[in-house]
Amino acid sequence: MTYIAGAAAGLIFGGIIGLLKNIFIWQRYLNRSASSNSQETGAGDVYIRAMVSYFVNILTLVIAFFIRNILPFDGIAFLIGTAAALVIMNKVLAFRQKKSEDIREEAYRQ
Numbered sequence: 359m360t361y362i363a364g365a366a367a368g369l370i371f372g373g374i375i376g377l378l379k380n381i382f383i384w385q386r387y388l389n390r391s392a393s394s395n396s397q398e399t400g401a402g403d404v405y406i407r408a409m410v411s412y413f414v415n416i417l418t419l420v421i422a423f424f425i426r427n428i429l430p431f432d433g434i435a436f437l438i439g440t441a442a443a444l445v446i447m448n449k450v451l452a453f454r455q456k457k458s459e460d461i462r463e464e465a466y467r468q
């Protein structure tokens, strides 16, 4: 039971951090690049945001690593849940972005 609680807590912790990361790092950029000309958004901005995103992921996992012994459930399951949630949130953002691009493209065709 402690494994399930640890994994669930890790999923919640990683999911919250992943959601906040995607909102504050990527959502503003994606909205701006979708509404403006694609030549106005530079590749350097994407690289900087990717590096910040990687740093946030690493920092989140380091925090999860150091608090694993303080938590009342299994620490390894917490770490795995946190890592899984960070990955899932990145995939959710990519799926939402692709879906909004498809909708925009469909509206453009009509």
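Residue numbers for the sequence shown follow this note's numbering, beginning at 359 and rising by one.
Just so it is clear, CB atoms sit at the ideal spot from N, CA and C, and this is done for glycine as well.
- Per DSSP, the continuous alpha helix (DSSP H) segment holding Leu444 begins and ends at Gly433 to Arg467.
- Here the stretch 363-370 makes contact with the stretch 433-441; the two share three or more CB pairs at distances below 8 Å.
- Straight-line spacing of the CA atoms in Tyr412 and Val404 works out to 12 Å.
- The alpha carbon of Trp384 has as its nearest neighbour, out of Ala443, Ala363, Val410 and Val420, the alpha carbon of Val410.
- Put simply, the backbone Cα of Ile461 is about 20 Å away from that of Asn448.
- Within the model, the alpha-carbon separation for Thr360 versus Arg407 is close to 36 Å.
- The alpha carbon of Arg386 has as its nearest neighbour, out of Leu451, Ala465 and Glu463, the alpha carbon of Leu451.
- At the C-beta level, Val414 and Lys379 come within 8 Å of one another.
- Its Cα nearest to that of Thr418, the residue Ile374 stands out among Phe382, Ile428, Ile374 and Gly400.
- Note on geometry: alpha-carbon atoms of Leu388 and Leu444 lie some 19 Å from one another.
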